[in-house]
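In terms of full-length UniProt numbering, the sequence shown opens at residue 1 and continues consecutively. Inspection log for the structure reproduced underneath, given as structure tokens.
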Amino acid sequence: MPQNQKQNRATPELMRYAGLATQIFVSLGIAVFAGYKADRWMKVPIPLTVWILPLVVVCMIIYKLIKETSKRNKSNAK
């Protein structure tokens, strides 16, 4: 397979993973910011939501990744 065709096939995969990485970082940033603001609003002495919200987001992202990759594996098997 020529180099150009390999590069063209790799580009959509690269963009997909770059988009996923961006989504993960933005989601975690928003969760930390929201947790920080919630802690300040509730005047909690322990930064509880700053830890809980990002943990929930990470769990949701892992669930989404498993769901998406299992769909892709099933479609490749057919």
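Every residue, glycine too, gets a C-beta built ideally from N, C-alpha and C. All values derive from a computational prediction rather than experimental measurement.
- In the three-state reduction of the DSSP assignment, lysine 43 falls in the coil class.
- Across the set Gly19, Thr49, Glu68, the C-alpha of Thr49 shows the shortest separation from the C-alpha of valine 32.
- Each residue's CA atom was taken as its position, placing tyrosine 36 and proline 54 some 11 angstroms apart.
- The straight-line gap separating the alpha-carbon atoms of isoleucine 52 and glutamine 23 is approximately 19 angstroms.
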